[in-house]
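So our numbering is basically just the index in the sequence shown, starting at one, shifted up by 123. Built from N, CA and C at the ideal position, the CB exists for glycine as well. Encoded as structure tokens, the structure appears first; notes follow it.
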Amino acid sequence: MAAVRRRGRVVSAVLAAALGASLAGCSSTGGLRAEQERAAKAAGGKAAVNTPRWTFAMVTHSGDGDTFWDIVQNGAQQAAVKDNIKFVYGHDKEAQRQSQLVQSYIDQKVDGLIVSLAKPNAMKDVVAKAEKAGIPVITVNSGAEESKAFGALSHIGQDETVAGEAVGEELNKRGRKKALCILHEQGNVGHEQRCDGAKKTFKGDLQKLYVEGTNMPDVQSSIESKLQADSSIDAVVTLGAPFAPTAVKAKEQAGSKAEIDTFDLNAQVATGLKDGTLGFAVDQQPYLQGYEAVDLLWLYKYNSDVLGGGKPVLTGPQVITKKDAAALEDYTKRGTR
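This is the structure we're talking about:
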């Protein structure tokens with residue numbers, strides 16, 4: 124017991140020192156420079172704790188080249204360095220293959236799992252297997268409603284319905300009357316919830332348009348055709364940052380005056396908000412989703428802490444407009460927003 128107390132005091136002292144250093148950095152050099160210094164230390168592989176070298180695996184429903192999930196990984200990797208964690212990552216947009224990846228990490232006997240539940244029915248059994256094997260699971264991004272029922276410790280993300288409702292309210296503020304909600308991944312329950320939430324609060328007419336998200340030329344032509352066929356559409360809402368520039372191109376080709384808005388944030392979206400080619404973005408802070416998932420698993424392994432009391436830990440939504448873009452632009456370029 125004395126050894127445990129001594130280890131606890133050491134960890135607390137290290138964390139207190141790290142916090143003090145970060146606060147000093149923020150006051151003397153500014154937040155950006157302090158963050159850059161922390162990033163440099165992370166790149167050097169210096170942990171802030173002396174707990175065991177546990178292995179945590181993250182498996183998501185991301186397709187290849189999705190910049191959103193790059194930001195999630197950046198957050199997870201930063202926390203992993205701090206917490207002395209070996210972090211491994213796998214992804215597949217096909218639910219069955221995502222499930223198989225999770226099973227492979229269970230077979231490898233990882234110490235913790237982080238999974239997204241975009242298509243929860245395909246993930247239910249494998250999450251149960253992880254729990255049975257004694258591997259703690261945290262869900263991120265998608266699957267807030269199923270997370271607790273599946274046996275996960277916590278869910279980190281935004282409430283997709285609430286985020287959609289925020290979009291509908293923002294469209295109302297902007298005086299929009301007819302909106303097009305672009306769903307780029309059929310079967311993704313979170314995407315349906317976003318559009319349905321927007322429809323609930325939007326006083327105008329909102330229509331859904333399903334596109335093949337892995338084929339950007341198809342996405343552009345589908346949006347372009349819809350805008351050409353209906354000139355009364357005055358807003359297009361994409362459900363992911365990589366699709367916003369494509370929607371802008373479709374608008375230009377169609378000769379439409381519709382405003383392009385989007386979920387999520389990246390460097391291109393920040394630039395679009397600044398120059399006015401985009402109206403607003405709804406940020407769910409993916410860096411936090413990755414960072415907090417790793418950190419909460421570490422806290423559970425180290426101290427049996429569980430955050431949220433069975434409720435989702437919300438990272439969004441945050442509506443971002445032109446006035447916010449300049450302050451966030453540097454963060455998007457470094458891959459943390």
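(request) Whole angstroms is fine: what's the gap from T455's alpha carbon to Q231's? (result) In the sequence shown, residue 455 corresponds to position 332, counting from 1. In the sequence shown, residue 231 corresponds to position 108, counting from 1. Within the model, the alpha-carbon separation for T455 versus Q231 is close to 35 Å.
(message) Let's see if you can read the secondary structure: which residues bound the alpha helix (DSSP H) around H314?
(response) Start at 1 with the first residue of the sequence shown, and residue 314 comes out as number 191. H314: member of the alpha helix (DSSP H) spanning V312 to T324, first to last residue.
(message) Run through the DSSP bridge pairs and tell me what M339 is partnered with.
(response) One-based indexing of the sequence shown puts residue 339 at position 216. M339 is not bridged to any residue.
(request) Find out if the Cβ-Cβ distance for the pair A358, D387 is shorter than 8 Å. (result) If you number the sequence shown from 1, residue 358 lands on position 235. If you number the sequence shown from 1, residue 387 lands on position 264. No. Outside cutoff.
(message) Give me the residue from S355, M339 and Y414 with the minimum Cα distance to Q330.
(response) Start at 1 with the first residue of the sequence shown, and residue 330 comes out as number 207. Cα-wise, what sits closest to Q330 is S355.
(request) Assign A245 to one of three DSSP states: helix, strand, or coil. (result) Start at 1 with the first residue of the sequence shown, and residue 245 comes out as number 122. Annotated three-state conformation of A245 is helix, per DSSP.
(request) Locate the alpha helix (DSSP H) running through I261, then write down its first and last residues. (result) Counted from its first residue, the sequence shown places residue 261 at position 138. Per DSSP, I261 belongs to no alpha helix (DSSP H); it is in the beta strand (DSSP E), V260 to V263.
(request) Figure out for me which residue from L430, C304, A275 and I258 has the closest Cα to the Cα of S265. (result) One-based indexing of the sequence shown puts residue 265 at position 142. Selected option, being the one with the closest Cα: A275.
(request) From the DSSP output, in three-state form, read off V290 for me. (result) What you label residue 290 is simply residue 167 of the sequence shown in a count that begins at 1. V290 falls in the helix class under three-state DSSP.
(request) May I ask you to report which of helix, strand or coil DSSP gives E382? (result) Taking the sequence shown and counting its residues from 1, one reaches residue 382 at position 259. Residue state, collapsed to three classes: strand.
(message) Which residue marks the beginning of the beta strand (DSSP E) containing L362, and which one marks its end?
(response) Translated into the one-based positions of the sequence shown, residue 362 becomes position 239. From DSSP, L362 is part of no beta strand (DSSP E); its letter is neither H nor E.
(message) By alpha-carbon positions, which one of I443, A449 and D406 ends up nearest to G437?
(response) Position 314 of the sequence shown, counting from 1, holds the residue named residue 437. Here residue 437 is Leu; the residue named in the question, Gly, does not match the sequence. Closest by alpha carbon: D406.
(request) Flag this pair as yes or no: are the beta carbons of Q343 and T369 separated by less than 8 Å? (result) As a working mapping, residue 343 is identified with position 220 in the sequence shown. As a working mapping, residue 369 is identified with position 246 in the sequence shown. Yes, the Cβ-Cβ distance between Q343 and T369 is below 8 Å.
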